[in-house]
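Report on the following structure.
Number of protein chains: 2
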Amino acid sequence: MLSDRQQMILNAIVDNYIHSAEPVGSRTISKRDDIGFSSATIRNEMSDLEELGYLEQPHTSAGRVPSTKGYRFYVDNLIQPHLLEEAELGKLKQLFAERILHAEQVVEYTAQILSQLTNYTAIVLGPEIFEHRLKHIQIVPLNAEQAVAIVVTHTGRVENKLIDLPEGIGAGEIERLVNLLNAKLTDVPLWQLRQRLYQEISGEMQRHTEQYEEILKLLNNSLTQEEERVYLRGATKIMNQPEFRDVDKVKDILELLEQHDQLMNVIGMQGDGLTVRIGQENQLDAIKQCSIITTSYSLGGKPVGMVGILGPTRMEYGKVITVLNHLAEGLSRMLTSQFEK
Amino acid sequence: MLSDRQQMILNAIVDNYIHSAEPVGSRTISKRDDIGFSSATIRNEMSDLEELGYLEQPHTSAGRVPSTKGYRFYVDNLIQPHLLEEAELGKLKQLFAERILHAEQVVEYTAQILSQLTNYTAIVLGPEIFEHRLKHIQIVPLNAEQAVAIVVTHTGRVENKLIDLPEGIGAGEIERLVNLLNAKLTDVPLWQLRQRLYQEISGEMQRHTEQYEEILKLLNNSLTQEEERVYLRGATKIMNQPEFRDVDKVKDILELLEQHDQLMNVIGMQGDGLTVRIGQENQLDAIKQCSIITTSYSLGGKPVGMVGILGPTRMEYGKVITVLNHLAEGLSRMLTSQFEK
DNA sequence: TGTTAGCACTCATGCTTATCGAGTGCTAAA
DNA sequence: TTTAGCACTCGATAAGCATGAGTGCTAACA
C-alpha cells in the first residue's frame, strides 16, 4: 500500500500532468505549496512510485508521467470533488428546463452540452426503453403497391417503415386490420409485440384472407425492432490535446467514431453506474491512449441509456465525473417525470 | 489563349500532380510518352504558364504546382472522360436495385457509397421535395397533456412532433378535428398547408371551440416546416491526403463538417447541375485548400437535392465527376419511378 | 525561329556535430 | 530520515555541410 506521502506526491504529479501535458519533474512538485519536501526527497519517492508501476519515464532525463495504474489509483482514491461554475450549472439547468421535446432530442442536446462543458468528445446512447408500450398503429397507403406503417409508443416515440402491400388488398381491408390491431394490442410492450401479434390475432385471422398474414409479417419484421441511436458531439475536440497533434493517431480515433455501430462497443458494453476506463484498459487499439468515462441514466429507476465522455488519458477526471453525474441525474429525473404518468 | 502545346503540358502537370502530390519538374514531364520535347523546352513553357498564372512554384528550385486558375482550366477544358471499373459500376447498380426504402435511407446509402468509391468526403443533401402532398394527419394523445402529431406525405415521408394539448380537450374532440383535417387537406402540398389550414377550416372552426385554434397553431408551427437533412460520410478521408498531414488544417475542416448547418452553406448554395468549386473559389476559409464538386438530382425533372464531394484541390476531378453524374442520374431515376405514380 | 544541350545557381532535405538544460541517481553530510 | 551537491543522461535546438532535384539563362543547332 502507498504511504500517505506517496499518495500526496502521486496526486500532485497527476494533477500537474493533467494541466501541463508535460512530464513532471521533482522540482516542480517540491515547489508546490502543499508539499513540504525538497526535490531530492521527491525524487526518491518518485523512483519508488515508478518501481511500483504508478509512474513512467519517457526517457532517463525526463520527468515522470502517470501510468495507467497511476491514473487508476488517482481515480479510485485521490480524486477530489469538483465544483462546477455558475455558468456551467446554468447550462445544465437550462437543458432540463426544455419542454415539449422527444426523448431523442433531449438526448441529442445532452450530447451537445456535455461536449461543450467538458471540451471532450461526448457520446450519448439511447434511450433504449424496453418498456415502450404500443399506443397506436397506423397504416397509410401511398398507392396501390406501397404503404407506410407507423407505430407510436406511449412515450411519444414514432417509428415508421415503408412496406410493400400484398397485391389486390383494398383500403377497407387495411382499415379493418388496423382497427383490429389497435383494439387488441394497445398498451402491449413492444418487445412482446411479436408473440402477441400471433396469439391475439390468430383467432380473428382465420376469418380473413392470407393477405393479412402478409402484412403481419411485415409489421413483425419492421416495427418490433427498435433501432438504437448514438449521438456523438465534439469529435474534433480531441485535436485540441497536445498529445494528439499527430494525424495518424487522430485518424484512428475519428475513424472509429465515424462508425456508429463501433461506438456501441466503446460506450455500451459498460456496466450501470459510473465507469471509468483508462488507457490500456480499453479493448480497442485506437483508443488505448484515451480514457472513457460513462454512466447510465434511467427511467423510473431502470437504466435505459448511457452518457459518456471520451478524452485523453490525461483527462480532467474530477470535473468530467461531476458533470456526468449531474447530467445523468437530471436526465433521469426529466425522463421519469415526463413518461411515468 | 493557351497554345495546344501549353495545354498539353498543363494537362500533364495537373495529371501528374494529382497522383504524386509532389511539385512536378520539367524532366518528369519530358519523360512522359505523350510529350515529345526536352526538359528545357518544357521549362520554357512552364515559365510562361507560371507567368500567365496557371502554375505556381513553392520555392525557386522546386517543380511547379497547378494554381487555382490552372485547375480551373484543367476542369473546364482538359479533363478527359473517365471510365469506371466493373466493380465500381456494380456498387452503383446495387444501390439502385434496393427496394422498399424511404427516400432518406436511399440518400444515406448514397453518401456511403459515394465516399467509398471516391475515397473523399461525401455530402448529400435532401431530398427537399416541395411537392410533398399531404396524405394523412394523425394526432395520437399520450396522456392528458401531451400528444404526438404525425404527418404522412404522399412520398411516404413521416414527420412527427410532440405537442402540448390545450387543457380539457377530449379524445373525441381530437378525433373530430383530425377527421376534418384529413377530409379537407388531403393532397394539399405541404407548402400550401399553412394558408389552406385557415382558408378551408375557418368556416368549420366557428362551430367549434377555441381549443381547435390552439391545435391548429401547433400543427402550423411544427409540421409545415420540413427539416432538411444532410448526410455526411467519410469525413476522415481527408486525412489520407499528404497535404493534410497537419492537425490544424484538418481540424478546421472537420470542425466545419461537424456543424450540419454550415454544411448547407458548403454544398447547398450551388446552382443546379454539375458545379466545381476549386480552392480559393470557396467562400469559407477552412476549405480554401479543398475543392467541392456537386450536382443536383431530381424528381420528375425538378431538382430536389444535392450530392457532393469534398476533397483536396488535388482531386481526381475526372473520376469524381463521372461518379457524381452516374449517381445523380440513377438517384433521379429511382426517386422518380418510386414517387411519380 | 524554335529547340535543346550545357552549366551555374538556388534551396529544401537530410545528416552530423555541438551546445544547452531539465531532470535524474547517487553519495555524503546534517 | 532528509537534503545539499554533483556528475551524468539524453532530448531538443541550432549550426554547418553535403546532396540533389529543379530552375533560368546562354549559346549552339536544325
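Residue numbers (our numbering), protein chains in the order written: chain U, 9 to 349; chain H, 9 to 349. Even for Gly, the Cβ is constructed at its ideal location relative to N, Cα and C.
(1) Checking 8 Å against the spacing of the C-beta atoms, do leucine 18 of chain H and tyrosine 117 of chain H come in under that value?
(2) According to DSSP, which residues form a beta bridge with serine 304 of chain H?
(3) Quick one: is leucine 188 of chain H near chain U, going by C-beta distance under 8 Å?
(4) Can you pull the chain H neighbours of methionine 247 of chain U, defined as C-beta to C-beta under 9 Å?
(5) Please state the DSSP three-state secondary structure of serine 75 of chain U.
(6) Within the 8 Å Cβ cut-off, does histidine 162 of chain U reach chain H?
(7) Considering asparagine 190 of chain H, what are the terminal residues of the alpha helix (DSSP H) in which it resides?
(8) Using a beta-carbon distance cut-off of less than 9 Å, what residues from the stretch 143-157 of chain U approach chain H?
(9) In three-state terms, what does DSSP make of glutamine 297 of chain H?
(10) Report the residues of the stretch 168-197 of chain H with a CB closer than 9 Å to any CB of chain U, ordered along the chain.
(11) Whose C-beta lies closer than 7 Å to the C-beta of leucine 170 of chain U among residues of the same chain, with five residues either side of it excluded?
(12) For the stretch 90-123 of chain H, which residues have a beta carbon sitting closer than 8 Å to at least one beta carbon of chain U?
(13) Assuming arginine 80 of chain U contacts glutamate 53 of chain U under a Cβ cut-off of 8 Å, what Cβ separation, rounded to an integer in Å, is found between them?
(14) By alpha-carbon positions, which one of U:Asn85, U:Ile21, U:Gly44 ends up nearest to glutamine 65 of chain U?
(15) Could you spell out where the alpha helix (DSSP H) holding lysine 257 of chain H opens and where it closes?
(16) Need the endpoints of the beta strand (DSSP E) that threonine 126 of chain U sits in, please.
(17) Using C-beta distances below 8 Å, list every residue in its chain close to serine 1 of chain U, excluding the 5 sequence neighbours before and after it, in chain order.
(18) Could you check where the alpha helix (DSSP H) with threonine 244 of chain H kicks off and where it finishes?
(19) Locate the alpha helix (DSSP H) running through glutamine 15 of chain U, then write down its first and last residues.
(20) Hey, quick one: how far does the beta strand (DSSP E) through asparagine 168 of chain U stretch, first residue to last?
(21) Which residues bound the beta strand (DSSP E) around alanine 48 of chain U?
(22) Output yes or no for whether 8 Å exceeds the beta carbon distance between isoleucine 145 of chain U and asparagine 190 of chain U.
(23) So, does the CB of glutamate 251 of chain U fall closer than 8 Å to a CB anywhere in chain H?
(24) Can at least three beta-carbon pairs, one atom from the stretch 241-248 of chain H and one from the stretch 254-274 of chain U, be found at a separation below 8 Å?
(25) So which of H:Lys310, H:Ser69, H:Val115, H:Ile37 has the shortest CA-CA distance to alanine 130 of chain H?
(26) For alanine 294 of chain U, would you say it is in contact with chain H, using Cβ-to-Cβ distances shorter than 8 Å as the test?
(27) Looking at the structure shown, is arginine 204 of chain U part of a helix, part of a strand, or coil, going by DSSP?
(28) What are the start and end residues of the alpha helix (DSSP H) that includes glutamine 102 of chain U?
(29) Please confirm whether isoleucine 275 of chain H and threonine 302 of chain H have their CB atoms less than 8 Å apart.
(30) So is alanine 243 of chain U in contact with chain H if we call contact Cβ pairs under 8 Å?
(31) Can you pull out the residues from the stretch 326-340 of chain U whose beta carbon lies closer than 8 Å to at least one beta carbon of chain H?
(32) Residues bridged to leucine 133 of chain U by DSSP?
So, to answer that:
(1) To locate residue 18 of chain H, count along the second sequence from 1; it is residue 10. To locate residue 117 of chain H, count along the second sequence from 1; it is residue 109. In this structure, tyrosine 117 of chain H does not lie closer than 8 Å to leucine 18 of chain H by Cβ.
(2) Counting from 1 along the second sequence, the entry for residue 304 of chain H is found at position 296. H:Met314, per the DSSP bridge assignment.
(3) What you label residue 188 of chain H is simply residue 180 of the second sequence in a count that begins at 1. No, because no Cβ of chain U sits closer than 8 Å to the Cβ of leucine 188 of chain H.
(4) Walking along the first sequence from the start, residue 247 of chain U turns up at place 239. Neighbours of methionine 247 of chain U on chain H, chain order: Val255, Asp256, Val258, Lys259, Leu262, Glu263.
(5) On the first sequence, residue 75 of chain U is found 67 positions in, with the first residue counted as 1. DSSP places serine 75 of chain U in coil when its eight states are reduced to three.
(6) Looking up residue 162 of chain U in the first sequence gives position 154. It does: the Cβ of histidine 162 of chain U has a partner Cβ on chain H nearer than 8 Å.
(7) Sequence index remark: in the second sequence, residue 190 of chain H carries index 182 (1-based). Residues 179-193.
(8) Lys143, His144, Gln146, Val148, Pro149, Leu150, Asn151, Ala152, Glu153, Gln154, Ala155, Val156
(9) Counting from 1 along the second sequence, the entry for residue 297 of chain H is found at position 289. DSSP places glutamine 297 of chain H in coil when its eight states are reduced to three.
(10) Asn168, Lys169, Leu170, Ile171, Asp172
(11) Along the first sequence, one-based indexing puts residue 170 of chain U at 162. Cβ within range, chain order: Gln154, Val156.
(12) Arg107, Ile108, Leu109, His110
(13) What you label residue 80 of chain U is simply residue 72 of the first sequence in a count that begins at 1. What you label residue 53 of chain U is simply residue 45 of the first sequence in a count that begins at 1. At roughly 19 Å, the Cβ-Cβ gap does not stay under 8 Å, so arginine 80 of chain U and glutamate 53 of chain U are not in contact.
(14) Locating residue 65 of chain U in the first sequence gives position 57, where the first residue counts as 1. For glutamine 65 of chain U, the nearest C-alpha among the options comes from U:Ile21.
(15) On the second sequence, position 249 is the one that residue 257 of chain H refers to. Lysine 257 of chain H -> alpha helix (DSSP H) spans 255-266.
(16) For the purposes of this step, residue 126 of chain U is taken as the residue at position 118 of the first sequence. First-last for threonine 126 of chain U: 111-126, but that is the alpha helix (DSSP H), not the beta strand (DSSP E).
(17) Any answer about residue 1 of chain U is impossible in this case: the structure gives chain U only from 9 up to 349.
(18) Residue 244 of chain H sits at position 236 when you count from the first residue of the second sequence. Note, threonine 244 of chain H: premise wrong, no alpha helix (DSSP H); not H, not E.
(19) As a working note, residue 15 of chain U is residue 7 in the first sequence. 12-28 is the extent of the alpha helix (DSSP H) around glutamine 15 of chain U.
(20) Taking the first residue of the first sequence as position 1, residue 168 of chain U is located at position 160. 166-172 is the span of the beta strand (DSSP E), which, as asked, contains asparagine 168 of chain U.
(21) Here residue 48 of chain U corresponds to residue number 40 of the first sequence, with the count starting at 1. That residue, alanine 48 of chain U, is in no beta strand (DSSP E); its alpha helix (DSSP H) goes 47-59.
(22) For this step, residue 145 of chain U is matched to residue 137 along the first sequence. For this step, residue 190 of chain U is matched to residue 182 along the first sequence. Cβ distance < 8 Å, so isoleucine 145 of chain U and asparagine 190 of chain U count as in contact.
(23) Counted from its first residue, the first sequence places residue 251 of chain U at position 243. False, the Cβ-Cβ gap to chain H never drops below 8 Å.
(24) yes
(25) Taking the first residue of the second sequence as position 1, residue 130 of chain H is located at position 122. Looking at the Cα atoms, H:Val115 is the closest of the given residues.
(26) Numbered from its first residue, the first sequence carries residue 294 of chain U at position 286. Answer no: the Cβ-Cβ gap between alanine 294 of chain U and chain H never drops below 8 Å.
(27) To locate residue 204 of chain U, count along the first sequence from 1; it is residue 196. If DSSP states are grouped into helix, strand and coil, arginine 204 of chain U belongs with the helices.
(28) For the purposes of this step, residue 102 of chain U is taken as the residue at position 94 of the first sequence. Segment 94-105, the alpha helix (DSSP H) holding glutamine 102 of chain U.
(29) Sequence index remark: in the second sequence, residue 275 of chain H carries index 267 (1-based). Sequence index remark: in the second sequence, residue 302 of chain H carries index 294 (1-based). Yes, these two residues count as a Cβ contact at 8 Å.
(30) By one-based count along the first sequence, residue 243 of chain U stands at place 235. Output row for alanine 243 of chain U: interface = yes.
(31) none
(32) By 1-based counting over the first sequence, the position of residue 133 of chain U is 125. Looking at the DSSP assignment, leucine 133 of chain U forms a beta bridge with U:Val238, U:Met314.
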